[in-house]
Every structure is written in structure tokens, then in C-alpha cells.
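Engineer: This structure is in C-alpha cells; I'll ask about it shortly.
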Amino acid sequence: MKILFLSNLYPPNVVGGYERLCADVAGAFVQREHEVAVLTSTYGGKVQDYAGQTVHRSLTLLANADDIYSPFSADEAERARINAANVAILHATVAAEKPDVIFAWNLFFFDLSLLRALEGVGCRVVLMLTDNWLIAALDGDYIGRFFTEHVFGDKPFMPPAQPAAVTGWRRLLPSWIRAPAAPVVTPRFPLAEDAIFGAAFMRDLYADAGISFRSHKVIHNGVRIADMPSSAFRDRRQFCDPGTVRLLFAGRLVDLKGVHTALEALAHLRRTEPDRQFHLTIVGDGQDRAYSERLKSLIADLDVAPAITFQEPVREDTLFRLFNEHDIYLFPSLYEPFSLTLIHALACGIPTVASAVGGNVEIVTDRESGILFRKGDAQDMGAGIMALVGDPELRHRVSARARTFARGFTFERMVTEMERYLI
Numbered sequence: 001m002k003i004l005f006l007s008n009l010y011p012p013n014v015v016g017g018y019e020r021l022c023a024d025v026a027g028a029f030v031q032r033e034h035e036v037a038v039l040t041s042t043y044g045g046k047v048q049d050y051a052g053q054t055v056h057r058s059l060t061l062l063a064n065a066d067d068i069y070s071p072f073s074a075d076e077a078e079r080a081r082i083n084a085a086n087v088a089i090l091h092a093t094v095a096a097e098k099p100d101v102i103f104a105w106n107l108f109f110f111d112l113s114l115l116r117a118l119e120g121v122g123c124r125v126v127l128m129l130t131d132n133w134l135i136a137a138l139d140g141d142y143i144g145r146f147f148t149e150h151v152f153g154d155k156p157f158m159p160p161a162q163p164a165a166v167t168g169w170r171r172l173l174p175s176w177i178r179a180p181a182a183p184v185v186t187p188r189f190p191l192a193e194d195a196i197f198g199a200a201f202m203r204d205l206y207a208d209a210g211i212s213f214r215s216h217k218v219i220h221n222g223v224r225i226a227d228m229p230s231s232a233f234r235d236r237r238q239f240c241d242p243g244t245v246r247l248l249f250a251g252r253l254v255d256l257k258g259v260h261t262a263l264e265a266l267a268h269l270r271r272t273e274p275d276r277q278f279h280l281t282i283v284g285d286g287q288d289r290a291y292s293e294r295l296k297s298l299i300a301d302l303d304v305a306p307a308i309t310f311q312e313p314v315r316e317d318t319l320f321r322l323f324n325e326h327d328i329y330l331f332p333s334l335y336e337p338f339s340l341t342l343i344h345a346l347a348c349g350i351p352t353v354a355s356a357v358g359g360n361v362e363i364v365t366d367r368e369s370g371i372l373f374r375k376g377d378a379q380d381m382g383a384g385i386m387a388l389v390g391d392p393e394l395r396h397r398v399s400a401r402a403r404t405f406a407r408g409f410t411f412e413r414m415v416t417e418m419e420r421y422l423i
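As numbered in UniProt numbering, residues 1 to 423 make up the sequence shown, in order.
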């Protein structure tokens with residue numbers, strides 16, 4: 001099978017996990033003897049060859065070269081020129097590569113015209129949806145409301161019911177006896193493409209936005225889990241340093257990752273637990289300069305600078321050591337489709353406190369494989385941390401079960417399921 005991967009970014013030009021996972025999957029398909037080509041953008045300027053892959057770095061993102069997070073500054077004429085060129089490049093690449101299937105990943109920072117052009121390429125198109133980029137492209141008002149009400153607000157997200165949800169003998173019951181359910185959402189954007197969702201949460205979000213596909217499948221993202229001997233894992237009943245609880249955040253330093261909540265929780269613990277020492281290591285990049293400045297101001301306001309250490313991002317193959325050097329992993333996202341880093345944490349056995357949002361609840365079962373807390377609630381997060389700090393046996397149990405549970409989210413399982421769906 002010949003597969004053309006389509007992605008806004010591709011290593012070594014990366015911002016987050018989406019494009020890294022795309023490259024990992026492309027490499028895995030090469031190893032499984034599929035022909036692989038990649039069409040991506042010139043953004044970042046770095047070039048690297050990958051064995052068995054033909055990588056076309058020729059598309060142009062609607063993004064500023066110096067700051068991908070800032071609003072694109074080009075005028076309408078320049079945007080139109082870029083969009084037309086991207087569509088022409090797509091058609092030329094498809095004509096040259098003649099793929100059996102186009103596997104489209106994150107197309108954020110492209111115009112909707114590129115997605116529309118996919119409808120006429122003459123081969124199957126499968127969209128890999130592990131984020132909301134397509135909703136933002138089709139209905140920006142919906143995603144704006146979702147973030148206002150559910151991400152930055154307190155309104156719970158209720159997944160829509162499926163049209164065939166009431167089946168069998170249940171349909172014979174009067175409606176007033178049936179359990180109440182969310183209303184069925186009639187699709188407003190029926191698309192001809194197929195879709196793979198990286199989490200059930202993403203499937204539900206797209207359904208709620210009124211976007212449907214020819215077919216779809218939930219395939220949970222996965223990570224490569226090293227086969228480590230039991231002796232490599234720490235006894236989580238003991239702290240790294242008997243005098244200090246070592247907390248860890250590892251991820252992108254952007255608003256949605258909720259690092260500010262972790263800082264507020266740290267300040268809360270320092271006030272309410274004066275007899276204990278806490279130290280928070282923050283591992284991540286500072287590409288979002290505005291948010292980095294916000295964190296610096298918050299650290300000063302909360303007077304927690306002595307208890308904070310910043311580190312640059314680390315390679316995936318060093319995550320085990322990073323997790324082993326800390327006692328509790330904090331994952332305070334306000335919005336999270338499905339996190340690979342969270343799976344890595346569970347696989348490494350570090351007791352984890354995560355926000356009960358999005359795909360997190362598909363990975364962490366409260367007090368089984370981790371502790372869940374209300375997003376944005378620093379005191380509830382602090383309570384989750386203290387539940388682990390004060391109970392060595394809970395830490396031990398959560399660690400062991402997390403390692404077992406993570407085995408269900410392997411990279412190999414994910415690639416096999418993707419391969420079956422694409423074929």
C-alpha cells in the first residue's frame with residue numbers, strides 16, 4: 001500500500017506531539033513494507049531525511065515565521081496566493097506519488113480550501129483527528145463557545161447521544177422510563193472522508209459540533225513502552241528525598257496545559273502544609289512567550305520561586321529517568337484530547353495527579369491508575385497531591401496499576417489498528 005501523509009509540521013520542525021506521532025507512524029509503516037511519502041510545510045526551515053520516506057517540504061503555513069502562536073499578519077491578497085499555491089502543490093504531489101490513501105494529520109494553519117481540495121484527489125482520504133483543528137476550520141463559532149463554556153468555564157461537556165443509542169428491547173419502553181440522555185445532534189457538516197479519532201472524547205466533540213464522516217473509528221494513541229526489569233522501577237512508598245516531595249510537570253508551556261494551576265496548588269500546599277517541603281520541576285519549552293511571561297509573574301506573586309526549577313524539554317528515551325527522579329507527576333490540563341506524555345508517566349509508574357478532562361479520563365481511573373481532580377481547581381489538585389503524599393500504600397498501588405494499564409496503550413497496538421483501518 002502506498003500512503004501519502006499530509007501534515008502541517010514534520011520533524012525536525014516540531015511544536016507538539018501531533019507531528020512527532022505522525023512521523024513515528026510513518027516510520028512504522030515503512031518498517032511494515034508500505035510505501036510512504038509525506039507532504040508538509042517549509043515552516044521551521046530544518047531538513048532531515050528519513051529512511052524509506054519521500055518527504056516533500058513545500059507547503060506554506062498561514063503562520064508567522066518568528067512566532068507560530070501569534071495571529072498571522074499577512075493581508076488577504078497574500079493569504080489567497082498562499083492558499084492557491086498550497087492547493088496546486090497538493091494536486092501535483094498526488095499526481096506524482098499516486099497514493100492508494102492520503103492519511104491527513106494536523107492541518108491547522110492551513111486554509112479550508114486545502115481540505116476541500118482533498119475531496120477531488122481520486123483516492124481514499126483518512127483524517128487523523130487527535131485535536132479540534134477541523135472543527136475550528138468548519139465552525140469557529142462552535143469551538144469558541146466550547147472553550148468559553150467548557151474549557152475556561154465550568155459547564156460540563158455532555159457527549160451527544162448516537163441516533164441508534166436506543167435499540168433492542170429498550171426501544172419498547174416508554175420514553176419517560178428510559179434513562180435521560182443528551183440530545184442527538186444532526187450532522188451539519190457531512191464529510192466524504194473517513195476519520196480515525198485518537199480518543200473517544202474527540203469522537204464525541206466532533207459529533208457535538210455536527211461533523212460526520214463516511215466512516216470512523218476510535219484508535220487510542222499509543223507510545224513505545226520499553227521492556228524494563230522490575231528492579232528498574234522505584235518503590236513508590238519511598239520518596240526520592242526523604243525531606244522533600246518532588247513534583248513534576250512535563251509538557252508544553254501553554255495556557256491549555258494548566259501550569260498556572262500547578263503553581264497555585266504548590267503555593268496552597270506551602271501555606272497549608274508548613275511542615276513539608278515541596279519542589280516543582282517544570283520541564284517544557286517557552287515558545288509561547290506571552291504565557292511564559294505570565295508564569296514568571298505568577299511565580300513572583302505567589303512567592304514560590306525557591307521551590308521551582310525550570311528545565312528544557314527532554315528526549316523521549318530519557319523520560320523514564322526523569323519520572324524516576326520525581327515523586328508525583330502533575331498533569332493539570334484545561335483541555336486535553338489524549339496525551340502521550342500522560343501514558344508515558346503511567347508506564348513509568350510515577351503516581352500521577354491529572355485533571356478530569358477530555359481524554360485524561362480514558363487514561364486515568366481515579367484512585368486506581370492515578371488521582372483525578374477538577375480542572376483549574378488548585379485546592380482540589382492540592383488535595384489530590386496530599387492524598388498520595390499521606391498514603392504510601394496508595395502510591396504503591398496506583399503505581400503498579402498504572403504500569404499495567406499503560407500496556408493497553410502501546411505504539412505497536414495503535415499502528416496495527418491504523419494499518420487495518422487504512423487497508
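No residue lacks a Cβ here, since even glycine has one placed at the ideal position from N, Cα and C.
List the residues that DSSP assigns as beta-bridge partners of Tyr329.
Structural biologist: Answer by DSSP bridge pairing, in chain order: Leu248, Thr352.
Engineer: Would you list the one or two residues that DSSP bridges to Phe373?
Structural biologist: Answer is Ser355.
Engineer: Checking 8 Å against the spacing of the C-beta atoms, do Arg203 and His216 come in under that value?
Structural biologist: Yes, Cβ-Cβ distance for Arg203 and His216 is below 8 Å.
Engineer: Would you grab the beta carbon distance between Val218 and Ala192 for me? Rounded to a whole angstrom, and I think it's under 8 Å.
Structural biologist: Not quite, the Cβ-Cβ distance comes to about 20 Å (not below 8 Å), so this is no contact.
Engineer: Can you give, in chain order, each stretch of the beta strand (DSSP E) that sits fully within the stretch 291-337 and has at least 3 residues?
Structural biologist: Runs of the beta strand (DSSP E) inside the stretch 291-337: 308-311, 328-331.
Engineer: Enumerate, from N- to C-terminal direction, the unbroken beta strand (DSSP E) stretches of 3 or more residues contained entirely within the stretch 48-129.
Structural biologist: 53-59, 101-104, 124-129, all fully within the stretch 48-129.
Engineer: Go through its chain and collect everything with a Cβ distance to Phe405's Cβ below 7 Å, but skip five positions before and after it.
Structural biologist: For Phe405, where only same-chain residues beyond five positions count, the Cβ hits under 7 Å are Leu346, Ser369.
Engineer: Count Cβ pairs between the stretch 384-392 and the stretch 53-71 that sit closer than 8 Å; are there 3 or more?
Structural biologist: Contact fails: fewer than three Cβ-Cβ distances are below 8 Å.
Engineer: Indicate the three-state DSSP secondary structure (helix, strand or coil) for Thr410 in the structure shown.
Structural biologist: Three-state result, Thr410: strand.
Engineer: Applying the criterion that 16 or more other CB atoms from any shown protein chain within 10 Å of the CB defines a buried residue, is Ile177 buried or exposed?
Structural biologist: Its pLDDT being 42, under 50, Ile177 is placed unreliably in this model, and the coordinates cannot settle the point.
Engineer: For Leu248, which of Gln311, Ala226, Phe5, Asp24 has the nearest alpha-carbon?
Structural biologist: The residue with the shortest Cα to Cα distance from Leu248 is Gln311.
Engineer: Tell me which residue opens and which closes the alpha helix (DSSP H) that Val15 is part of.
Structural biologist: Per DSSP, Val15 belongs to no alpha helix (DSSP H) and is neither H nor E.
Engineer: Thr318: buried (16+ other C-beta within 10 angstroms of its C-beta) or exposed?
Structural biologist: By the 10 Å Cβ count, Thr318 comes out exposed.
Engineer: By DSSP's criteria, Thr40 is part of a beta bridge. Which residues make up the other side?
Structural biologist: Answer is Arg57.
Engineer: So, residue 466 versus Gly251, is the Cβ gap smaller than 8 Å?
Structural biologist: No statement about residue 466 is possible, as the shown extent of the chain runs from 1 to 423 and does not include it.
Engineer: Where does Thr148 land, buried or exposed, given buried means 16+ other C-beta within 10 angstroms?
Structural biologist: That one is exposed.
Engineer: Reducing DSSP to helix, strand and coil, say where Ser399 ends up.
Structural biologist: Correct three-state label for Ser399: helix.
Engineer: Looking at the secondary structure, which residues open and close the beta strand (DSSP E) in which Ala265 lies?
Structural biologist: Run containing Ala265: none in the beta strand (DSSP E); it sits in the alpha helix (DSSP H), 259-272.
Engineer: Give me whichever residues DSSP pairs with Thr281 in a beta bridge.
Structural biologist: Beta-bridge pairing links Thr281 to Leu248, Thr309.
Engineer: Whole-angstrom Cβ separation of Ile363 and Ile343, contact assumed at under 8 Å?
Structural biologist: Right, the Cβ-Cβ distance comes to about 6 Å (below 8 Å), so this counts as a contact.
Engineer: Could you tell me the boundaries of the beta strand (DSSP E) in which Leu134 lies?
Structural biologist: Taken as a continuous stretch (DSSP letters only), Leu134 belongs to no beta strand (DSSP E), being part of the alpha helix (DSSP H) at 133-138.
Engineer: Using CA atoms only, rank isn't needed, just tell me which of Tyr43, Asp75, Leu62, Phe29 is closest to Thr54.
Structural biologist: That would be Phe29, whose Cα lies nearest to the Cα of Thr54.
Engineer: Express the C-alpha separation of Ala77 and Ala84 in angstroms, rounding to a whole number.
Structural biologist: Rounded to whole angstroms, Ala84 to Ala77 spans 11 Å at the Cα level.
Engineer: Going by beta carbon distance, what residues of the same chain come within less than 6 Å of Gly17, once the five residues before and after it are set aside?
Structural biologist: These residues qualify, in order along the chain: Leu340.
Engineer: When DSSP labels each residue in this structure, what does Val218 get in the three-state scheme?
Structural biologist: The answer is strand: DSSP assigns Val218 an E or B state.
Engineer: Can you pull the DSSP bridge partners for Glu417?
Structural biologist: Paired residue(s): none; Glu417 is not in a bridge.
Engineer: When DSSP builds the beta bridges, which residues end up paired with Asp366?
Structural biologist: Partner(s): Gly370.
Engineer: State buried or exposed for Met418, treating a residue as buried only when at least 16 other CB atoms are found within 10 Å of its CB.
Structural biologist: Classification of Met418: buried, given that the 10 Å Cβ count is 16 or more.
Engineer: How should residue 447 be labelled, buried or exposed, when 16 other C-beta atoms within 10 angstroms of its C-beta is the threshold for buried?
Structural biologist: Here the chain comprises residues numbered 1 to 423, so residue 447 is not present and cannot be evaluated.
Engineer: Classify Cys348 as buried or exposed, calling it buried when 16 or more other Cβ atoms lie within 10 Å of its own Cβ.
Structural biologist: Cys348 is buried by the Cβ-count criterion.
Engineer: In the structure shown, what three-state DSSP assignment does Ile177 receive?
Structural biologist: Legend: pLDDT at Ile177 = 42, less than 50; position of this residue unreliable, value from coordinates given subsequently. In this structure, Ile177 counts as coil in the three-state DSSP scheme.
Engineer: If I follow the unbroken beta strand (DSSP E) through Phe197, where does it start and stop?
Structural biologist: Its beta strand (DSSP E) spans residues 194-197.
Engineer: With H, G and I counted as helix, E and B as strand and the rest as coil, what does DSSP make of Leu6?
Structural biologist: Strand.
Engineer: Identify the continuous alpha helix (DSSP H) that holds Arg203 and give its terminal residues.
Structural biologist: Note, Arg203: alpha helix (DSSP H), 200-208.
Engineer: Apply the 10 Å Cβ neighbour rule to Val125 and answer buried if 16 or more other Cβ atoms are within range, or exposed otherwise.
Structural biologist: With 16 or more Cβ atoms within 10 Å of its Cβ, Val125 is classed as buried.
Engineer: Please return the same chain residues whose Cβ sits closer than 7 Å to the Cβ of Val185, not counting the five positions on each side in sequence.
Structural biologist: Once the five neighbours on either side are set aside, the close Cβ partners of Val185 are Pro160, Ala207, Asp208, Gly210.
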